[in-house]
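Protein chains: 4
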Amino acid sequence: MPPDPDTPRGRRALSKSRMEGFSDGVFGFAATLLVLDLAVHPPGTALQRVLHAWPGYLAYVVSFLTIGGTWLLHTALTDQLDRADQLFLRLNLLLLLVVVVLPFPTGLVAKTLYNAGGERVYVTIYGLILLVIRLLGSALDAYARHQHLYAEAREGEELHSTQRKFLPVVIGYVVALAVPVLAVALYFGIAVYLTVPFREAARALIRRHGSAGQDRSG
Amino acid sequence: MPPDPDTPRGRRALSKSRMEGFSDGVFGFAATLLVLDLAVHPPGTALQRVLHAWPGYLAYVVSFLTIGGTWLLHTALTDQLDRADQLFLRLNLLLLLVVVVLPFPTGLVAKTLYNAGGERVYVTIYGLILLVIRLLGSALDAYARHQHLYAEAREGEELHSTQRKFLPVVIGYVVALAVPVLAVALYFGIAVYLTVPFREAARALIRRHGSAGQDRSG
Amino acid sequence: MPPDPDTPRGRRALSKSRMEGFSDGVFGFAATLLVLDLAVHPPGTALQRVLHAWPGYLAYVVSFLTIGGTWLLHTALTDQLDRADQLFLRLNLLLLLVVVVLPFPTGLVAKTLYNAGGERVYVTIYGLILLVIRLLGSALDAYARHQHLYAEAREGEELHSTQRKFLPVVIGYVVALAVPVLAVALYFGIAVYLTVPFREAARALIRRHGSAGQDRSG
Amino acid sequence: MPPDPDTPRGRRALSKSRMEGFSDGVFGFAATLLVLDLAVHPPGTALQRVLHAWPGYLAYVVSFLTIGGTWLLHTALTDQLDRADQLFLRLNLLLLLVVVVLPFPTGLVAKTLYNAGGERVYVTIYGLILLVIRLLGSALDAYARHQHLYAEAREGEELHSTQRKFLPVVIGYVVALAVPVLAVALYFGIAVYLTVPFREAARALIRRHGSAGQDRSG
């Protein structure tokens, strides 16, 4: 269990388990803090109040799915990781620093939608932070690839799916930032696109019908 | 420790440890956030104020036991799990998304009980979320069973107990939703029913008297 | 790594790692939430305001040390644990339910001390919760002992130290509850008594002088 | 996996995994709570309000990097740790007790900068807490070294880098405390200095050009 002291100096394997534990904690807390922005506002009956608070629910779902999608990427990434180095740990901290901020613009966007005001600044900030989270997630992947931190033998479907989705997602965010009217709808669409595994679901359906009998012998 | 690269493509074993770590963080944090809704309200002496705040304590206990019971189910489930796949990870995220919401209606219900008002909407929303948590927990179990994600050899008593309790619990929630007067009492009863292991306690008592001497040789 | 399926039915080893992870999360969050009660109050200069807020700092330290001491007990306990059973998991949940509550009376006591009012109710509630935490911690230990959940071979110094301190601590809490004037001072004293390892520190000093040279050959 | 019962009495190996789990939780949570202090204040347009809130963002980044840097030190330290003893666990608790406090002065400093008031007390308290965190982190390292808790064979670059940076950092904090005008700028500079691995980045660049071909054969 102790890391092998024979690893070449300066590139020794840092245990990645604590990076995973700390990151899981931060992802989990950031996701949970989002609930503090849920609140029902004064006017109307109880039912009306609950219904009128929909922007908060929408922003909650978008932010939760974005954090969840980033966690899925992070898991897929560290799953293939052979080791972490010092720069990787720092890049990871930078990603977490931005993820932790997410509950803040989420609350601002919820208020903006609620007031139906034109405060596009908040929506833009929110989109920029979503974009930066995505870019930093891909930067972690690119850095690990470049420094040969991945175990060679493994081919991770989850990570490939994330890489395939990178360009469409970035284009989506840029469009959202350019056309504020569409922004929130696009953020929601991207969050769903990032977390729902359409291919895998289709494949699972096919497997279920085609090879259910073979599963047990696998 | 690295997952076997020979697992058949498209069904390779994703490490389940990070799913457990992330889930534990979210369960723990959601349970802890409940305490933010505990507060003593203005009128009366200190003792009266503390005593009058009972609805908050009751809602706290119901929500804590519901989260605790879901955690017990989740633990039993992943304990038997041989591996997770991509859809399982997403279903798990969906379950966590709803668990995290729980502190929000908990606060609303506490306020409703305190005001003795007729704001049944909050009590109903609370019950719906409790019901959805239970349904998603059982969906995880059903999905794992259907996709043969469980290790074949093991028979989990905890999971069987959860399955046995599924129908009574769902019926209990539906009755609570239909008869708001009974709702909070039923929520409390269900939470106790879910977490107190009556059978196991009885069995432990029997074991204690019948086979205490054999335990050491086991 | 998968638990041995040959364990006798009804007493099979539940993995204790998730119980530890969940408990660590809850202990950590409850300890961190305490900081939300730290606040500087309006009157006076900045320095005066900071100094006048001392009751909050004192209550913070007492609660943090109590949670820390409970975590130390919990760690020592699960360290010796061979396995957990269903009742143990529930007892553990009950302990966590009470630990999570702690930030609430901590805030009340801080306010009481600040106002120099006679609101002994809050101080009493605080003490009762501290006492219940201690009793539940010892109940976990007693249950594990009674059900032979501990590994036979090991002798845990940390756990013995906790058991040795049990009676003095309970007496201390009872005195504090009976004599409210002494309560906060006693809570503080007990928290220090629980977490500062006087014997171990003395022994470390002796070891340092007596056997420093032998340490390397050990 | 169970610790060897043959370890000499009084110095038996306490499992360090729970200390890591608990610490990761507290570090992660303290870092996440910082976001609660981010808020946009009333006057001006939405954009002006967001821009005027810069002190909060600055304080957030300084505190996050300080917690992140302490986590990096903590990881490097426990990575080399062969075992923990009872005093080490207590020193660790003390470090966490101070880390958890950090969101409190962070909020005060943000308010002070925002008001452009002369409330140096808050800035000084903030710096004192940053300094104490650093001293306690180094105390953990010194204690582990003194009690021979580290595994002999390993040479940790990360830990050496922390030790090398110790004196400049302490001098930086002392200067900041003596010259309040420079304080916040210095806190920021120290946080960057602690977390950005200049040497390692330079070395990575060199490695990339010089030995990229040899990496695969390593």
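Taken in order, these protein sequences are the chains called W, U, X and V. Quick note: the first sequence, position 63, residue 1216 per this note's numbering, numbers continuous. Quick note: the second sequence, position 36, residue 1189 per this note's numbering, numbers continuous. Quick note: the third sequence, position 145, residue 1298 per this note's numbering, numbers continuous. Quick note: the fourth sequence, position 100, residue 1253 per this note's numbering, numbers continuous. Think of the CB as a built atom: it goes at the ideal place given N, C-alpha and C, for glycine as much as any other residue.
Checklist entry - What span of residues does the alpha helix (DSSP H) with residue 1299 of chain W cover, start to end? => result In the first sequence, the residue the question calls residue 1299 of chain W occupies position 146. Where residue 1299 of chain W is concerned, the enclosing alpha helix (DSSP H) stretches over 1273 to 1299.
Checklist entry - If you measure from the beta carbon of residue 1225 of chain U to each beta carbon in chain X, is any gap under 8 Å? => result Sequence index remark: in the second sequence, residue 1225 of chain U carries index 72 (1-based). Judged by the 8 Å Cβ criterion, residue 1225 of chain U is in contact with chain X.
Checklist entry - residue 1262 of chain W and residue 1180 of chain W look like a contact to me (Cβ under 8 Å); what is the Cβ gap, rounded to whole Å? => result Along the first sequence, read from residue 1 onward, the residue named residue 1262 of chain W stands at position 109. Along the first sequence, read from residue 1 onward, the residue named residue 1180 of chain W stands at position 27. Not really, about 20 Å apart at Cβ, beyond 8 Å.
Item to check | Spatial neighbours of residue 1345 of chain U in its chain, beta-carbon cut-off 6 Å, leaving aside the 5 residues before and after | outcome: Locating residue 1345 of chain U in the second sequence gives position 192, where the first residue counts as 1. Closer than 6 Å at the Cβ level, and outside the excluded window around residue 1345 of chain U, lies no residue.
Checklist entry - Just by C-beta distance, which residues in the stretch 1272 to 1304 of chain U are closer than 9 Å to chain W? => result 1272, 1273, 1274, 1275, 1278, 1299, 1300 and 1301
Item to check | Cutoff 8 Å; reference residue 1298 of chain W; Cβ partners in own chain excluding five residues on either side | outcome: For this step, residue 1298 of chain W is matched to residue 145 along the first sequence. Residues of the same chain with their beta carbon placed closer than 8 Å to that of residue 1298 of chain W are lacking, with the five preceding and five following residues left out of the count.
Next on the checklist: Do residue 1312 of chain W and residue 1247 of chain W have their beta-carbon atoms positioned less than 8 Å apart in this structure?
Outcome noted: Walking along the first sequence from the start, residue 1247 of chain W turns up at place 94. Walking along the first sequence from the start, residue 1312 of chain W turns up at place 159. No, the pair does not count as a contact, with Cβ atoms beyond the cut-off.
Checklist entry - Candidates X:1203, X:1219 and X:1188: which alpha carbon is nearest residue 1287 of chain X's? => result Taking the first residue of the third sequence as position 1, residue 1287 of chain X is located at position 134. Of X:1203, X:1219 and X:1188, the residue nearest in Cα terms is X:1219.
Checklist entry - Going by the CB atoms, is the gap between residue 1341 of chain W and residue 1250 of chain U shorter than 8 Å? => result Along the second sequence, one-based indexing puts residue 1250 of chain U at 97. Along the first sequence, one-based indexing puts residue 1341 of chain W at 188. Not closer than 8 Å, so no.
Checklist entry - Any beta-carbon of chain U closer than 8 Å to the one on residue 1256 of chain X? => result Numbered from its first residue, the third sequence carries residue 1256 of chain X at position 103. Residue 1256 of chain X counts as touching chain U.
Checklist entry - According to the Cβ coordinates, are residue 1330 of chain U and residue 1290 of chain U closer than 8 Å? => result Mapped onto the second sequence, residue 1330 of chain U falls at position 177. Mapped onto the second sequence, residue 1290 of chain U falls at position 137. Cβ atoms of residue 1330 of chain U and residue 1290 of chain U: not closer than 8 Å.
Checklist entry - Any contact of the stretch 1196 to 1208 of chain W with the stretch 1205 to 1214 of chain U, i.e. 3+ C-beta pairs under 8 Å? => result no
Next on the checklist: Comparing C-alpha positions only, which one of U:1223, U:1335 and U:1232 sits nearest to residue 1277 of chain U?
Outcome noted: Here the question's residue 1277 of chain U lines up with position 124 in the second sequence. Out of U:1223, U:1335 and U:1232, the CA that lies nearest to the CA of residue 1277 of chain U is found in U:1335.
Next on the checklist: The alpha helix (DSSP H) that contains residue 1303 of chain U, what's its start and end?
Outcome noted: By 1-based counting over the second sequence, the position of residue 1303 of chain U is 150. Careful: residue 1303 of chain U lies outside any alpha helix (DSSP H) and carries neither H nor E.
Item to check | C-beta atoms of residue 1302 of chain V and residue 1234 of chain V nearer than 8 Å | outcome: As a first step, residue 1302 of chain V must be located in the fourth sequence, where it is residue number 149. As a first step, residue 1234 of chain V must be located in the fourth sequence, where it is residue number 81. Taking 8 Å as the Cβ cut-off, residue 1302 of chain V and residue 1234 of chain V qualify as a contacting pair.
Checklist entry - Does the beta-carbon of residue 1237 of chain V have 16 or more other beta-carbons within 10 angstroms, so that it is buried, or is it exposed? => result As a first step, residue 1237 of chain V is located in the fourth sequence; it is residue number 84 there, counting from the start. When all chains shown are included, residue 1237 of chain V counts as buried.
Checklist entry - Where residue 1358 of chain W and residue 1300 of chain U are concerned, what is the direct C-alpha to C-alpha distance, given to the nearest angstrom? => result What you label residue 1358 of chain W is simply residue 205 of the first sequence in a count that begins at 1. What you label residue 1300 of chain U is simply residue 147 of the second sequence in a count that begins at 1. Each residue's alpha carbon lies about 10 Å from the other.
Checklist entry - Using the rule of at least 16 other Cβ atoms within 10 Å of the residue's Cβ for burial, across every protein chain shown, is residue 1368 of chain X buried or exposed? => result Here residue 1368 of chain X refers to the residue found at position 215 of the third sequence. Low local confidence applies: a pLDDT of 45 at residue 1368 of chain X is under 50, so the model's placement there is unreliable, with the coordinate-based value given in what follows. Flag for residue 1368 of chain X reads exposed.
Item to check | Contacts around residue 1294 of chain W, its chain only, beta-carbon distance under 6 Å, and the 5 residues preceding and following it disregarded | outcome: Counting from 1 along the first sequence, the entry for residue 1294 of chain W is found at position 141. Excluding residues within five positions, the ones whose Cβ falls inside 6 Å are 1230.
Item to check | Close beta carbons around residue 1176 of chain U, own chain, < 7 Å, minus the five adjacent residues each side | outcome: Counting from one through the second sequence, the residue named residue 1176 of chain U turns up at place 23. Closer than 7 Å at the Cβ level, and outside the excluded window around residue 1176 of chain U, lie 1227, 1245 and 1249.
Checklist entry - Taking Cβ positions only, does residue 1261 of chain W come closer than 8 Å to chain U? => result The count along the first sequence starts at 1 and reaches residue 1261 of chain W at position 108. Between residue 1261 of chain W and chain U, the shortest Cβ-Cβ separation is not below 8 Å.
Next on the checklist: For residue 1375 of chain U and residue 1182 of chain X, I'd like the C-alpha separation in whole angstroms.
Outcome noted: Limits of chain U in this structure are 1154 at one end and 1371 at the other, which puts residue 1375 of chain U out of reach.
Item to check | Short Cβ contact (8 Å threshold) for residue 1213 of chain U with residue 1191 of chain U | outcome: What you label residue 1213 of chain U is simply residue 60 of the second sequence in a count that begins at 1. What you label residue 1191 of chain U is simply residue 38 of the second sequence in a count that begins at 1. For residue 1213 of chain U and residue 1191 of chain U, yes; Cβs fall inside 8 Å.
Next on the checklist: At the 8 Å Cβ level, is residue 1248 of chain V part of the contact set with chain X, yes or no?
Outcome noted: By 1-based counting over the fourth sequence, the position of residue 1248 of chain V is 95. It does not: the Cβ of residue 1248 of chain V has no partner Cβ on chain X nearer than 8 Å.
Item to check | Helix, strand or coil at residue 1206 of chain V [DSSP, three-state] | outcome: By one-based count along the fourth sequence, residue 1206 of chain V stands at place 53. Coil at residue 1206 of chain V, not helix or strand.
Checklist entry - Can you list, in chain order, the residues of its chain whose CB lies under 7 Å from that of residue 1215 of chain X, leaving out five sequence neighbours each side? => result Taking the first residue of the third sequence as 1, we reach residue 1215 of chain X at position 62. Excluding its 5 nearest sequence neighbours in each direction, residue 1215 of chain X has C-beta neighbours in its own chain below 7 Å: 1340, 1341 and 1344, listed in chain order.
Item to check | Given residue 1172 of chain U as reference, the closest of U:1198, U:1232, U:1221 and U:1348 once Cα atoms are compared | outcome: Within the second sequence, residue 1172 of chain U is the residue found at index 19, counting from 1. Comparing Cα-Cα distances from residue 1172 of chain U to each of U:1198, U:1232, U:1221 and U:1348, the minimum goes to U:1232.
Item to check | Integer-rounded CB distance, given that residue 1275 of chain U should sit under 8 Å from residue 1338 of chain W | outcome: Residue numbering aside, residue 1338 of chain W sits at position 185 when the first sequence is read from its first letter. Residue numbering aside, residue 1275 of chain U sits at position 122 when the second sequence is read from its first letter. That belief does not hold up - the Cβ atoms of residue 1338 of chain W and residue 1275 of chain U are roughly 29 Å apart, past 8 Å.
Item to check | Straight-line Cα distance separating residue 1350 of chain X from residue 1221 of chain X | outcome: Position 68 of the third sequence holds residue 1221 of chain X. Position 197 of the third sequence holds residue 1350 of chain X. Spanning the two alpha carbons is a distance of roughly 13 Å.
Next on the checklist: Going by the DSSP bridge assignment, what does residue 1234 of chain X pair with across the sheet?
Outcome noted: As a working mapping, residue 1234 of chain X is identified with position 81 in the third sequence. Per DSSP, X:1303.
Item to check | Simplified DSSP assignment, three categories, for residue 1191 of chain V | outcome: In the fourth sequence, residue 1191 of chain V corresponds to position 38, counting from 1. If DSSP states are grouped into helix, strand and coil, residue 1191 of chain V belongs with coil.
Checklist entry - Between the stretch 1200 to 1230 of chain V and chain W, which residues of the former have a C-beta closer than 7 Å to a C-beta of the latter? => result 1200, 1203, 1217, 1221, 1224, 1225 and 1228
Next on the checklist: Rounding to the nearest angstrom, what Cα-Cα distance links residue 1317 of chain W and residue 1292 of chain W in this structure?
Outcome noted: Residue numbering aside, residue 1317 of chain W sits at position 164 when the first sequence is read from its first letter. Residue numbering aside, residue 1292 of chain W sits at position 139 when the first sequence is read from its first letter. Computed Cα separation, rounded: 15 Å.
Checklist entry - List, in order along the chain, the chain W residues whose C-beta lies closer than 7 Å to that of residue 1175 of chain U? => result Translated into the one-based positions of the second sequence, residue 1175 of chain U becomes position 22. The answer, in chain order, is 1177, 1180, 1181 and 1224.
Next on the checklist: Against residue 1171 of chain X, what residues of chain U qualify as contacts under a CB-to-CB distance less than 7 Å, listed in chain order?
Outcome noted: Within the third sequence, numbered from 1, the residue matching residue 1171 of chain X stands at position 18. What residue 1171 of chain X touches in chain U: 1173, 1177 and 1228.
Checklist entry - Shorter than 8 Å from the beta carbon of residue 1240 of chain X to some beta carbon of chain U? => result For the purposes of this step, residue 1240 of chain X is identified with residue 87 of the third sequence, where counting begins at 1. Output row for residue 1240 of chain X: interface = yes.
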